[in-house]
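J.:
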Amino acid sequence: MTHPSVRDSEPWRDPSAEAQIKIDHLVKSFGDTRAVDDVSLRIHRGELFSLLGGSGCGKTTLLRMLAGFVTPDEGRIGIDGQDVSRVPPYERPVNMMFQSYALFPHMSVENNVAFGLRRDGVEKGEITRRVGEALDLVQLGPLAKRKPGQLSGGQRQRVALARSIIKRPKVLLLDEPLSALDKKLREATQFELRTIQEQVGITFVMVTHDQEEAMTMSTRIAVMNHGKIVQVGKPNEIYEFPHSRFVADFIGSVNLFEGRLKECFADHAVVESPDAGADLAVGPAGTHAPGAAICVAVRPEKLRLAKPGEGLDLPNRLPGRVRDIAYLGDACVYHVTLDSGKVVKATAPNLGRWDDQPFARDEAVTVGWAAAASILVDP
Amino acid sequence: MSGLVKALRSRLPGRGLVIGAPYLWLAIFFLVPFLLVLKISFADSDTTIPPYTPLFTMGDDSALQITLHLDNFIRLFSDDPIYLLSYLSSLRNAAVTTVFCLLLGYPMAYAIARAQPSLRPVLLMLIVLPFWTSFLIRIYAWIGILKDNGLLNNFLIWIGMIDEPLNILNTQTAVYIGMVYAYLPFMVLPLYATLEKLDVSLLEAAMDLGARPLRAFWAVTLPLSLPGIVAGSLLVFIPAVGEFIIPTLLGGADTLTISTQLWSEFFANRDWPMASAVTVVMVALLVVPLMLLQRAQARAAEGAAS
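Residue numbers (this note's numbering), protein chains in the order written: chain A, 13 to 391; chain B, 89 to 394.
1) Let me make sure I understand the geometry here. Which of B:V329, B:L312, B:D236 has the alpha-carbon closest to that of B:E252?
2) Going by DSSP in three states, A:K319 sits in which element: helix, strand or coil?
3) Can a CB atom of chain B be found closer than 8 angstroms to the CB of A:N107?
4) When you check each C-beta in the region 234–253 of chain B against every C-beta of chain A, which residues fall closer than 7 angstroms?
5) In this structure, what does DSSP give as the bridge partners for A:P361?
6) Report yes if the C-beta distance between B:L381 and B:A363 is below 8 angstroms; otherwise report no.
7) Hey, would you say A:R131 sits closer than 8 angstroms to B:L297, going by beta carbons?
8) If you pair each beta-carbon of the region 150–164 of chain A with each one of the region 64–84 of chain A, do three or more pairs fall below 8 angstroms?
9) Is A:S112 close to chain B, meaning its C-beta is less than 8 angstroms from at least one C-beta of that chain?
10) If distances are taken between C-alpha atoms only, which option among B:R383, B:P377, B:W360 comes closest to B:P142?
11) For a cutoff of 8 angstroms on Cβ pairs, would you count A:P101 as touching chain B?
12) So what's B:M249 in DSSP terms, helix, strand or just coil?
13) Going residue by residue through the region 179–221 of chain A, where are the continuous beta strand (DSSP E) segments of at least 3 residues, counting only ones entirely within it?
14) CA-CA distance, A:G65 and B:L277?
15) Please report how far the alpha carbon of A:Q211 lies from the alpha carbon of A:G133, in whole angstroms.
16) Determine, for A:G128, whether the minimum Cβ-Cβ distance to residues of chain B falls below 8 angstroms.
17) Using the beta-carbon count (16 or more within 10 Å), is B:N357 buried or exposed?
18) Do the CB positions of A:S112 and B:S289 come within less than 8 angstroms of each other?
19) Three or more C-beta pairs under 8 angstroms: does that hold for the region 294–314 of chain A against the region 263–280 of chain A?
20) Can you give the Cα-Cα distance for B:V375 and B:L244, rounded to whole angstroms?
21) Check each candidate in A:V39, A:G295, A:I33 and name the one with the smallest Cα separation from A:E59.
22) With a threshold of 8 angstroms on Cβ separation, who are the neighbours of B:A183 within its own chain once the five nearest residues in sequence on each side are excluded?
23) Looking at chain A, is there any beta carbon in it that lies within less than 8 angstroms of the beta carbon of B:A293?
24) Is the distance from the Cβ of A:R175 to the Cβ of A:F127 below 8 angstroms?
25) What three-state label does DSSP hand B:D148 in the structure shown?
26) Express the C-alpha separation of A:S120 and B:S394 in angstroms, rounding to a whole number.
27) Quick one: list the residues of chain B neighbouring A:D132, beta-carbon separation under 8 angstroms, in chain order.
28) Using a Cβ cut-off of 9 angstroms, which residues of the region 304–333 of chain B contact any Cβ in chain A, in chain order?
29) Quick check: B:I231 and B:L114, are their CB atoms within less than 8 angstroms of each other?
30) For B:Y140, which residues does DSSP report across the bridge?
31) What's the C-alpha gap between A:G68 and A:H238?
32) Going by beta-carbon coordinates alone, are A:P181 and A:N107 separated by less than 8 angstroms?
33) Flag B:A393 as yes if its beta-carbon sits less than 8 angstroms from any beta-carbon of chain A, otherwise no.
34) Looking at C-alpha atoms only, which residue of B:I128, B:C189, B:D149 is the closest neighbour of B:Y269?
35) Write down the C-beta distance between A:T359 and A:A343 rounded to the nearest angstrom, noting that I regard them as a contact closer than 8 angstroms.
36) How is the alpha helix (DSSP H) around B:D296 delimited, first residue to last?
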């Protein structure tokens, strides 16, 4: 790591820190749909920022506006103080790595990588040197003379990366950079991409629908839905403290209990939930007032299971029956039907082997969790 | 799975038949007639029916004699420059037609390929629509447009661009206009097919890397549409070399083309062997560059695909 990592300095916490990318009230409509609906964002130098959302949430349109392929209807985009909203793509200090890689099929690997430098009229010796460096960075030196058609998917992805960082853009935009790779290769590449990003010190803005990818790589994630940004935060913040039911449900797996806020205390609150068939103790209520309709979110891995007789020293204890067990290898997911009729998911690591499973199908169990393990979200 | 497919393939006789059918068609309707023409081109013209000497004769001593008259070919290239001039003028007509079809057809094909998907079938239909009228009638219509008191001249005089009618009909210009008009669809359609398949993200990538739109066109669109350019040019050039109706109707009496030459040898002079020799040389002129081109293309495809 040659640059101090923004992962540690967290400049977004400092209100006086100048952001590199300033997006203000950006709007883009296609026909009647507002693909991007009043989006404002601050992205800091050196970040690996992810736009995460389902298909049609507007994340790709937002990225294409940053690249200059889509002109915003309203709002402005500033990069390093320059308003680039109306600047054509060939004059923007950003480069993009395309989802399909968009490698020029009629050019060799080195000519693909050199394309951007040639357009800028960089001198020949300099081009050769920098293309060599870029190909070394992505470990493709020996394949410089090949055509894209002669490369594997992973190699093409590397060529696309080398081609998009060779001009040393201020910002690199990545459109689903790993979606065309198979699972194993994708996992290895996630870390590699992160390392390369820290080596070259370029701000990365990445679009992805894969939450695991976003969680592994990003400094921060913006979750998008219906053209709006619903939450921005570090991966653990998004996962542990979702602001809304949508975010809680979209990121990872979650159990949701609908109910009404009954009592608020300094360190915890009580929710009356017909869903759970009992009152639930949850973390502090925050801004929610007693009487408000509310939703309690608990991640499956935070639920504990016990046999009915065993003591479970947790404030929330709900009786139920194991309906189904999904064996995932490293863990088991238990589907438990509570006495209220609601089905919850509980994940338990496989500490022992499959043949000494603690619970069997149809067995009566108690599901429990700590108050701090759950959080309140808007219904 | 692939083993099963292989086993099925070796057992099914239908596969060979399916591949064989087009070859059989080509053999019966193209190869055999051409061999007949080739045979006649080595005969001498005669007053018999058919009007040429036989190639194979049985001598008195029961010896099979093969008589090859080469003087038709010799005549083509020596005596009279009219044959050579006809070839050259036909090749020139075809070359000029191809170039203008490309210059006109490329922007048209590009515009159709970039038009809204719902609009494309309509635009393509407009390109193909003229084929619904007889070719001959369409060329006659051009006489009406190009003649001295025709539509074009009347229009130009009416808007005041010219005072005297332009003499276009019965000139080489009229031949070019007619041929470009007639062959344009054959250029547009293959070009459209390649341009429509072109991945737009390649152009975006080029622009993203700093190429202005025109530069992106030269660096990406043009080289990637080369197969369409080659296919369209061949589709125009090859039939244009042998074009008969347009030069005859629009080009006036002294227009020299290989097809008018063929016509006069066959019907005016009744010299079948000479006409056949003219044909054989023309085919050779077209086939040799075609084969070279195909070999070059095959090699290029090998390099790109593997």
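Every residue gets a Cβ at the ideal spot worked out from N, C-alpha and C, and that includes glycine.
T.: With the structure as the only source:
1) B:D236
2) A:K319 falls in the coil class under three-state DSSP.
3) yes
4) none
5) A:A343
6) no
7) yes
8) no
9) yes
10) The candidate whose alpha carbon is nearest that of B:P142 is B:W360.
11) yes
12) Coil at B:M249, not helix or strand.
13) 183–187, 215–220
14) 41 angstroms
15) 26 angstroms
16) yes
17) exposed
18) yes
19) The region 263–280 of chain A and the region 294–314 of chain A touch, with three or more beta-carbon pairs separated by less than 8 angstroms.
20) 43 angstroms
21) A:I33
22) The beta carbon of B:A183 sits closer than 8 angstroms to the beta carbons of F325 from its chain, once the five residues preceding and following it are set aside; these are given in chain order.
23) yes
24) yes
25) coil
26) Because the pLDDT of B:S394 is 40, which lies under 50, any placement of that residue in the model is unreliable, and the question is left without a value.
27) For A:D132, the chain B residues whose C-beta falls within less than 8 angstroms of its own C-beta are G298, listed in chain order.
28) A304, A307, V308, P311, L312, L314
29) no
30) In the DSSP output, where bridge partners are listed per residue, B:Y140 has B:S133.
31) Approximately 7 angstroms between the Cα atoms of the pair.
32) Yes, they are a contact pair.
33) Any answer about B:A393 is weak, because its pLDDT of 47 lies below 50 and its placement is not dependable; what the coordinates show is given next. Interface residue, yes.
34) Nearest C-alpha to B:Y269 among B:I128, B:C189, B:D149: B:C189.
35) 5 angstroms
36) Counted as a single uninterrupted DSSP element, the alpha helix (DSSP H) harbouring B:D296 occupies residues 288–296.
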